[in-house]
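**Q** Quick one: the structure is below, and I'll ask about it shortly.
Protein chains in written order, with our numbering: chain D, 152 to 427; chain L, 152 to 427; chain A, 152 to 427; chain Y, 152 to 427; chain E, 152 to 427.
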C-alpha cells in the first residue's frame with residue numbers, strides 16, 4: 152500500500168463506491184426492478200452525486216460512457232468478472248488490462264478474489280500482475296475479497312470475513328470489499344485484521360432503507376471506511392435520497408436514524424438474501 | 152466502445168455482414184446445396200453487393216482472395232473458430248492474430264464467445280487481448296455471442312439472448328451477433344440490454360424468402376442494427392435478389408412484404424433448424 | 152496464402168516432397184527394410200534427384216546434414232512431431248522454432264494438424280503462430296492435415312478428407328497433405344474444397360510400383376498438385392527409378408503405364424495398410 | 152550460491168529470521184493469543200531487535216509498513232504463499248515479483264517449495280525464475296523447503312529433512328529453512344547434506360522457553376546457521392526476552408541453560424504440535 | 152548438430168562425463184556408501200582427473216563450487232531434474248535457464264527427455280527452447296534420453312534404446328545418453344540409429360570393476376563415444392583408479408582386461424539393478 156494510493160477514490164479516508172457490474176455477473180435480470188437502469192447512462196448520472204467517490208464498471212461499459220463523464224465521475228476499473236451462465240468452480244476472467252484501464256482514465260482497479268476456490272492460486276497470481284501494474288501507474292487497488300469454495304460452509308462467518316480482509320492486506324490491496332459478517336463485533340475484528348488496508352462493506356441485495364442504513368452505521372462504527380453498493384442504490388425508486396442518507400452516515404458520521412429523518416418517504420420493507 | 156469504432160463496417164449505423172466461415176466450422180458439406188460456393192471467390196463477388204457492409208472470413212480465405220477485392224469489400228477478420236470434427240466442451244481456437252489481420256487490410260475483428268462453456272473464462276481472456284489489440288489499431292469489434300454449455304437448456308431463451316447481448320456491451324464489443332430469440336419482445340429486450348452495443352441477428356440455417364425477411368423485419372423493428380448472414384445468402388439460387396430484399400428491410404426500413412414485392416420469384420419453403 | 156508463397160517448394164505449381172521424419176514418428180524400425188536409410192545422408196542424396204522439390208526433415212537431422220546439401224536440396228522444416236512411444240490423445244510437439252528453421256536455410260515449414268483431436272484447439276493456435284512467423288519470413292506453409300480422434304471412425308472418408316483439405320485453406324496453408332480418400336471422385340471433391348490451397352497426396356506405406364503410380368496418377372487427374380512421399384521411396388531397392396517414374400506422372404502428366412514402361416524391373420507386390 | 156549472497160540477512164554467517172506470514176497462511180486466528188500482533192507494526196518493532204537479521208513478510212504488509220522501518224529492519228520478501236481456506240494439493244501462489252520486491256527495498260527473497268507435491272515441477276520452475284531474478288539483483292535466496300504430498304507419511308523423517316536441505320543446495324538457495332527432524336544426529340545429517348547452503352530451523356508452533364531454546368541449541372550444535380521463527384516470538388508475552396535468549400544461543404554460542412538464566416520469568420509449559 | 156558443437160565436452164570425439172545430480176534426483180541416500188561424497192567439492196576434485204571431459208551438475212551445486220574449478224573442470228549444466236519425493240507421471244522441472252548457465256561458465260547443457268511419458272510433448276517443447284538457446288550460445292547439447300511411461304514394459308529393450316538415440320538425433324542433441332541395452336549388437340544398432348549424434352552409455356548403479364569396464368569396452372566397440380558415469384565413480388573406495396581404467400578403455404581403446412591390469416586392487420563384486 153503506497154501512501155495515499157487510494158486517495159483518488161476516497162474522501163477524508165472514506166469511500167462510497169457505486170458498483171455496476173451486475174450486467175456481467177448476474178445478467179439483465181438485475182435491472183428488471185427498475186428497467187431504466189439497464190442503461191448505464193442512468194447509473195453514471197447517479198455516480199455524479201457528491202457522496203459517490205468512485206464508480207466501478209467493466210471495460211465495455213466504461214468505453215461506452217466514461218468519455219462523457221470523465222470530469223464528474225471517478226472511474227474504478229473492475230478488471231475481472233464472469234457471467235453466471237457458467238457454474239463451475241469459482242473463477243473470474245480478467246477482462247481488462249491495467250494499461251488499457253489507465254488509458255481510459257481509471258484511477259483505481261477492482262479485482263475479485265475467491266479465497267478457498269480451486270482457482271485461488273491462479274487468481275492470486277493474476278491479482279499480483281494487476282496490483283503491480285496498478286502501483287506502476289499510481290492507481291488504487293480494491294479487492295472484492297469473497298472466500299468461496301467447497302471447504303467453506305458459511306461465507307459470512309466472522310473468522311472467514313476477518314481472513315478475507317487480511318488477504319486484502321497481505322496481498323497488497325488498499326481497500327478490501329467484504330460482506331457484512333452479521334455483527335458489529337465481527338466487523339470490528341475484520342477491520343482490525345486488515346491493518347492499514349481499508350475495509351468497505353458490500354451492499355448486497357436490496358434491503359429496506361432503515362435496515363440498510365443501520366447496517367452501514369454499524370459497519371462504520373466498527374471501523375469500516377465505507378461501502379461498495381449496487382442494487383441498494385439502483386434498484387430503489389429514489390436512489391438519490393439513499394445517496395443523501397449514505398453521505399450522512401459515511402462521511403458525516405451520523406446515525407442511521409438521523410439520516411432517515413432527512414430522507415422523506417424512506418422505505419422499510421426487507422429484501423431477499425442474495426448478495427453482491 | 153470507441154466513437155464510431157464500428158463505422159467501417161456499418162452504413163448509417165446499420166450492418167449487413169456476410170459470413171463465410173462455414174468451411175471451418177461445418178466443413179464442405181455446407182456448400183453442397185450450391186456447389187460453386189465451395190469457391191470463396193463466388194462469395195467475395197456477392198460481398199461486392201451494395202447491401203453488404205462487411206465480409207467475415209477466416210485467415211486463409213482472406214489471404215487467398217482479399218488482395219483481389221480490397222477496393223470493393225470490407226474485411227471482417229473472423230479470428231477464432233474450430234472444426235466440428237471435435238466434439239468436446241464448446242471452445243474455439245484463435246487462428247489469427249489481430250496484427251496480422253490488420254496487415255491484411257481488415258477493418259474489424261469477429262470473435263466467437265461461448266458464455267456458459269467451461270472454457271468461458273479462457274475465451275473471455277482471449278477476447279480481452281483481441282479487443283484491446285483491435286482498439287489499438289482502430290478496428291471494430293464484433294462478438295458472436297453464443298451462450299452454450301451444460302447449464303443451458305435453451306440457447307434462444309429470451310433471458311439468455313438478453314444476457315448474450317449484454318456480454319457484448321460489458322466486455323467491449325461494438326456489435327453483438329445473437330440468434331433471434333423467437334419474438335419481437337424478446338429481441339427488444341436483447342437490444343435494450345446491449346445499451347450502446349449494436350445488435351445484429353444471426354441468419355441461421357436457410358429459411359424461405361418470406362420467413363427470413365419477416366424475421367429480419369421483426370428484428371429491425373425491435374431495435375436490431377442489422378444482420379449477419381451466411382447460408383441464407385449463399386445457399387440460395389438467387390442470392391443477389393435476397394441481398395436486394397435485405398437492403399430494403401435493413402437500410403431503407405421497408406416491410407418484408409415490400410421487399411418481397413420487389414423480388415421476382417421469391418421462395419417460400421421453410422428450412423431445417425440448425426443455426427449459424 | 153501469399154502469392155507464390157509455395158513457389159520455392161513447387162515447380163510449375165507441382166510438388167514432390169520427400170518426407171523423412173520417420174525416425175521421430177515411428178522410430179528406427181522404419182529403416183529395417185533398407186538399413187542404409189538409417190543414415191539421413193542416403194536420403195539427402197535421394198533428395199538431389201530432379202523430381203524432388205523439397206525434403207521434409209526434423210531439426211536435428213537438418214542441423215546434421217543440410218549444411219552439406221544447401222545448394223542441391225530445398226529444405227522443408229517439419230516443425231512438429233512426436234514419438235509413437237507415447238500413446239495418448241493425438242498431439243504433436245513443436246520441436247523447432249520458425250526463426251531457427253529460417254536461419255538454417257529452410258524455405259518452407261511443415262506442420263501436422265490433427266483435426267478432431269482433443270488437442271485440436273491447442274494445435275490450431277500453435278499452427279497460427281508458426282504460419283504467421285512463416286509469412287513474416289516469406290516461407291511456404293504445408294499442413295499435414297490428418298483428422299484423428301475419438302469422433303472419427305474412418306480417417307479416409309471422402310467427407311473427412313474434403314474437410315481436411317478445407318482446413319488447410321481456412322487456416323492459411325499453401326499446401327495441404329492428406330491421405331488418398333480411396334477414389335478419384337473423393338479426391339476431386341477434396342481438391343475443390345481446398346480452393347487455392349494446393350493438395351498433395353500422402354504416400355503412405357509401401358505399395359507395389361504399379362499400385363503406387365496408378366494412385367498418384369489418379370490423384371493428379373483429380374486435381375492434386377503432387378505427392379509427399381517417404382517409405383514408398385526409401386524402402387525401395389531402387390528409389391531413383393521410382394523418382395524417375397513419379398517425375399513423369401507428376402510433372403510431365405503421363406499415365407502410370409507410361410511411367411512404368413520407362414522403369415526397368417518395376418515391382419508389383421502390394422503392401423500393408425499403415426500410413427505416413 | 153554467489154559469494155556472500157546471503158550476507159545481507161546473516162551476521163557472522165548466522166541468521167535469525169523473524170517470519171510473519173501467518174496472516175496469509177493461517178489467517179488472523181494466529182494472532183488471537185496476543186491480539187496486538189494483528190498489527191504488523193508491532194512485529195516490525197520486534198524486528199528492530201539486534202538479534203533479528205531479517206523480517207520475512209508478504210508484499211502488502213511490506214508496502215504498508217516497510218517504508219517506516221527501512222533503516223532499522225532488513226526485508227526478506229516472502230514471495231509465495233496461499234491461504235488455508237484452500238485445501239487442495241500443496242501449492243503456493245507467487246504473490247510478488249522479484250523486481251517489485253527489490254524496488255521496495257528487499258535484500259532477499261523467501262520461497263516455499265513443496266517437494267513431493269503434484270505441483271513440485273511447477274513450483275521448481277517458479278523458484279528458478281525467482282532465484283535467477285534474485286541473483287540478477289544481488290539478493291539472497293531462502294527456501295522454505297517443506298516436503299509434502301501423498302507419498303510422504305512423515306514430514307520430519309531424517310531422510311526427508313536431509314533431502315529437503317539438499318534440494319535447497321541443488322536448486323540454488325543460500326539458506327534452506329526446514330523443520331527440526333527430531334534429533335541432533337538427524338539435524339547434523341541435514342546440515343551436511345546442504346553443503347554450502349546454510350540451514351535454519353523452522354520455529355514451529357509455540358513451545359515453552361526451555362524446550363524451544365534447547366531445540367535451537369541442539370540445532371546450532373548440529374551445524375545449523377540459525378532460526379526462522381514466528382509464533383515462538385510473537386505469541387509470547389515477552390517476545391523481547393526470547394529474542395535476547397535466542398541472540399545468546401545463536402550468535403554467542405551459549406547453551407540454552409545460560410540463555411534462560413539471563414531471561415527473568417522464562418516460561419516452561421509445552422505447546423501443541425502444529426508447525427510454521 | 153553444429154560442427155563441433157560438442158567439442159568442448161569431448162576429446163578426440165570421445166566423452167567421459169562425470170554426472171553428479173543424484174542429490175536432486177535420488178536424495179542424500181546415494182552418498183551413504185561414501186559419506187564424504189555428500190560434499191560436492193569431493194566430486195569436483197575427481198572431475199579434475201584427465202579422463203573427465205565434463206562434469207554434469209545442477210545449478211545450485213555449480214553456483215557453490217564451479218567458481219573455484221573453472222580452470223580445471225568443464226561444466227555441463229544439467230538443466231532439468233526433479234526429486235523422487237514426487238511419484239507422478241515421469242516429468243522433470245527445468246531448474247536453470249540456458250542464459251544463466253552460460254553466464255556461470257557452462258560449455259554445454261544436459262536435458263532429461265522421457266519419451267513415452269504423458270509429459271513427452273511438454274518436455275520436447277522445453278527441450279526445443281533449451282536446445283535453440285544453447286545453439287545461440289555455441290554450447291553443446293546432451294540429451295539424457297530415457298524412454299519411460301505406461302506403454303513401456305522394458306526400458307532397455309534394443310528397439311527402445313535405438314529409438315532413444317534416434318530421438319537425440321531428430322530433436323537436435325549432439326550427444327545422447329542412454330542405458331546399455333544388454334548386448335553389443337543392440338548397442339551397435341543404437342549407435343547407428345543416432346547417425347551423427349554421438350552416443351554415451353549411462354553408468355548406472357555400482358557394478359564390479361570388471362563388469363563395469365567390460366560393459367564400457369563392449370559399448371565402445373559397438374560405436375559408442377564414451378560414458379556418463381556417477382555412482383560407479385563416486386561410490387567406489389578408489390574412484391581415481393577407475394578413472395584411470397576408463398581413460399584406457401575410452402580414450403586409448405584398450406580392452407577392459409588391459410585396463411584392469413593397470414588398476415591394483417580392482418573390485419569384482421556385482422551390484423544391484425537400479426540405474427542412473
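Each residue gets a CB set at the ideal place from its N, CA and C atoms; glycine is no exception.
#1: Return no unless some Cβ of chain D is closer than 8 Å to the Cβ of residue 349 of chain Y.
#2: So, using beta-carbon positions, are residue 351 of chain E and residue 384 of chain E closer together than 8 Å?
#3: With DSSP as the reference, label residue 425 of chain L as helix, strand or coil.
#4: Taking buried to mean at least 16 other C-beta atoms within 10 Å of its own C-beta, is residue 378 of chain D buried or exposed?
#5: Output yes if chain L places a C-beta closer than 8 Å to the C-beta of residue 297 of chain A; else output no.
#6: Among residues of its own chain, excluding the 5 on either side of residue 340 of chain L, which ones have a beta-carbon nearer than 7 Å to its beta-carbon?
#7: Please identify the residue among D:398, D:322, D:356 and D:389 whose C-alpha is closest to the C-alpha of residue 174 of chain Y.
#8: If we count Cβ pairs, one from each stretch, closer than 8 Å, do we get three or more for the segment 266-279 of chain D versus the segment 238-254 of chain D?
#9: Can you confirm whether the segment 397-408 of chain A touches the segment 350-368 of chain A when touching is taken to mean that 3 or more C-beta pairs between the two stretches lie within less than 8 Å?
#10: Determine which residues share a DSSP beta bridge with residue 263 of chain Y and list them.
#11: Name the chain D residues that come within less than 8 Å of residue 309 of chain Y, Cβ to Cβ?
#12: Relative to the alpha-carbon of residue 406 of chain L, which residue among L:348, L:287, L:363 and L:250 has its alpha-carbon at the smallest distance?
#13: Under 8 Å, do residue 349 of chain L and residue 376 of chain L count as touching if we go by C-beta distance?
#14: Tell me whether the beta-carbon of residue 262 of chain A lies closer than 8 Å to the beta-carbon of residue 230 of chain A.
#15: Under 6 Å Cβ to Cβ from residue 304 of chain D, same chain only, skipping five residues before and after it: list those, please.
#16: With 8 Å as the threshold, decide whether the Cβ of residue 269 of chain A is near any Cβ in chain L.
#17: Measure the CB-CB distance between residue 156 of chain L and residue 291 of chain L and report whether it falls below 8 Å.
#18: Whose CA, out of L:410, L:158 and L:394, lies closest to the CA of residue 260 of chain L?
#19: Keeping to the same chain, check which residues put their C-beta closer than 7 Å to that of residue 344 of chain L; ignore five residues upstream and five downstream.
#20: How many Å lie between residue 382 of chain Y and residue 353 of chain D at the Cα?
#21: Could you tell me which chain A residues have their CB closer than 7 Å to the CB of residue 187 of chain E, listed as they occur along the chain?
#22: Count the other C-beta atoms from every protein chain shown that fall within 10 angstroms of the C-beta of residue 411 of chain Y, then say buried if there are 16 or more, exposed otherwise.
#23: With distances taken Cα to Cα, identify the nearest neighbour of residue 319 of chain E among A:214, A:165 and A:289.
#24: Is the Cβ-Cβ distance between residue 271 of chain Y and residue 234 of chain E less than 8 Å?
#25: For the segment 357-403 of chain L, which segments carrying the beta strand (DSSP E) assignment without a break, of at least 3 residues, lie completely within its bounds, in sequence order?
#26: Starting from residue 315 of chain A and walking both ways along the alpha helix (DSSP H), at which residues does that stretch end?
#27: In the segment 310-339 of chain E, which residues sit with their C-beta less than 8 Å from some C-beta in chain A, listed in chain order?
#28: Around the C-beta of residue 166 of chain E, are 16 or more other C-beta atoms found within 10 angstroms, so that it is buried, or is it exposed?
#29: Can you tell me where the beta strand (DSSP E) with residue 248 of chain D in it begins and where it stops?
#30: Give the interface partners of residue 303 of chain A over in chain L, defined as CB-CB distance under 7 Å, in chain order.
#31: According to DSSP, is residue 178 of chain Y helix, strand or coil?
#32: Report back the beta-carbon spacing between residue 226 of chain Y and residue 256 of chain Y to the nearest angstrom; my notes put them in contact at under 8 Å.
#33: When we look at the beta-carbon of residue 301 of chain L and count the other beta-carbons within 10 Å, is it buried (16 or more) or exposed?
#34: What in chain A is Cβ-close to residue 246 of chain L, meaning under 7 Å?
#35: Since I believe residue 171 of chain D is in contact with residue 184 of chain D (beta carbons under 8 Å), could you give me their beta-carbon distance rounded to a whole number of angstroms?
#36: Sort A:176, A:194 and A:281 by Cα distance to residue 386 of chain A and report the nearest one.
**A** The structure says:
#1: The residue labelled residue 349 of chain Y in the question sits at position 198 within the fourth chain. Not an interface residue.
#2: Taking the first residue of the fifth chain as 1, we reach residue 351 of chain E at position 200. Taking the first residue of the fifth chain as 1, we reach residue 384 of chain E at position 233. No. Outside cutoff.
#3: For the purposes of this step, residue 425 of chain L is identified with residue 274 of the second chain, where counting begins at 1. Caution is warranted here: a pLDDT of 43 is assigned to residue 425 of chain L, below 50, making its placement in the model unreliable, and no coordinate value can be reported.
#4: Here the question's residue 378 of chain D lines up with position 227 in the first chain. With 16 or more other Cβ atoms within 10 Å, it is buried.
#5: Residue numbering aside, residue 297 of chain A sits at position 146 when the third chain is read from its first letter. Not closer than 8 Å to any Cβ of chain L, the Cβ of residue 297 of chain A fails to qualify, so no.
#6: If you number the second chain from 1, residue 340 of chain L lands on position 189. Taken in chain order, the residues that qualify are 309 and 313.
#7: Residue 174 of chain Y sits at position 23 when you count from the first residue of the fourth chain. Checked all of D:398, D:322, D:356 and D:389; the closest Cα to residue 174 of chain Y is D:322.
#8: The segment 266-279 of chain D vs the segment 238-254 of chain D: in contact.
#9: Contact holds: three or more Cβ-Cβ distances are below 8 Å.
#10: On the fourth chain, position 112 is the one that residue 263 of chain Y refers to. According to DSSP, which records beta bridges pairwise, residue 263 of chain Y is partnered with Y:295.
#11: The sequence position of residue 309 of chain Y within the fourth chain is 158, counting from 1. Going along chain D, no residue has its Cβ under 8 Å from residue 309 of chain Y, so there is no contact; the nearest lies around 31 Å.
#12: Locating residue 406 of chain L in the second chain gives position 255, counting from the first residue. It is L:363.
#13: Position 198 of the second chain, counted from the first residue, corresponds to residue 349 of chain L. Position 225 of the second chain, counted from the first residue, corresponds to residue 376 of chain L. Cβ distance < 8 Å, so residue 349 of chain L and residue 376 of chain L count as in contact.
#14: On the third chain, position 111 is the one that residue 262 of chain A refers to. On the third chain, position 79 is the one that residue 230 of chain A refers to. Yes.
#15: Taking the first residue of the first chain as position 1, residue 304 of chain D is located at position 153. None.
#16: As a working note, residue 269 of chain A is residue 118 in the third chain. A Cβ of chain L is located within less than 8 Å of the beta carbon of residue 269 of chain A.
#17: By 1-based counting over the second chain, the position of residue 156 of chain L is 5. By 1-based counting over the second chain, the position of residue 291 of chain L is 140. Their beta carbons are under 8 Å apart, which means residue 156 of chain L touches residue 291 of chain L by this criterion.
#18: Taking the first residue of the second chain as 1, we reach residue 260 of chain L at position 109. For the residues L:410, L:158 and L:394, the minimum Cα distance to residue 260 of chain L belongs to L:158.
#19: Position 193 of the second chain, counted from the start, is the residue given in the question as residue 344 of chain L. Result list for residue 344 of chain L: 313, 316 and 317, in chain order.
#20: Here the question's residue 382 of chain Y lines up with position 231 in the fourth chain. Here the question's residue 353 of chain D lines up with position 202 in the first chain. Near 33 Å, if we compare the C-alpha coordinates of residue 353 of chain D and residue 382 of chain Y.
#21: Counting from one through the fifth chain, the residue named residue 187 of chain E turns up at place 36. In chain order: nothing, as chain A lies at least about 40 Å away.
#22: By one-based count along the fourth chain, residue 411 of chain Y stands at place 260. Classification for residue 411 of chain Y: buried.
#23: On the fifth chain, position 168 is the one that residue 319 of chain E refers to. Ranking the options by Cα distance to residue 319 of chain E, first place goes to A:214.
#24: Looking up residue 271 of chain Y in the fourth chain gives position 120. Looking up residue 234 of chain E in the fifth chain gives position 83. Yes, they are a contact pair.
#25: 377-380
#26: Working through the third chain from its first residue, we reach residue 315 of chain A at position 164. 309-322 is the span of the alpha helix (DSSP H), which, as asked, contains residue 315 of chain A.
#27: 310, 311, 313, 314, 317, 318, 319, 320, 321, 322, 323 and 324
#28: Residue mapping note: residue 166 of chain E aligns to position 15 of the fifth chain, counting from 1. Classification of residue 166 of chain E: buried, given that the 10 Å Cβ count is 16 or more.
#29: Translated into positions along the first chain, residue 248 of chain D becomes position 97. Per DSSP, residue 248 of chain D belongs to no beta strand (DSSP E) and is neither H nor E.
#30: Locating residue 303 of chain A in the third chain gives position 152, where the first residue counts as 1. Per Cβ cutoff of 7 Å: 236.
#31: Locating residue 178 of chain Y in the fourth chain gives position 27, where the first residue counts as 1. Judged by DSSP in its simplified three-state form, residue 178 of chain Y adopts coil rather than helix or strand.
#32: Counting from one through the fourth chain, the residue named residue 226 of chain Y turns up at place 75. Counting from one through the fourth chain, the residue named residue 256 of chain Y turns up at place 105. Between residue 226 of chain Y and residue 256 of chain Y a beta carbon distance of about 6 Å is seen, short of the 8 Å cut, so the two are scored as contacting.
#33: Mapped onto the second chain, residue 301 of chain L falls at position 150. Exposed, since its Cβ has fewer than 16 Cβ neighbours within 10 Å.
#34: What you label residue 246 of chain L is simply residue 95 of the second chain in a count that begins at 1. Neighbours of residue 246 of chain L on chain A, chain order: 275, 279 and 322.
#35: As a working note, residue 184 of chain D is residue 33 in the first chain. As a working note, residue 171 of chain D is residue 20 in the first chain. Not really, about 14 Å apart at Cβ, beyond 8 Å.
#36: Along the third chain, one-based indexing puts residue 386 of chain A at 235. Considering only alpha carbons, the answer is A:194.
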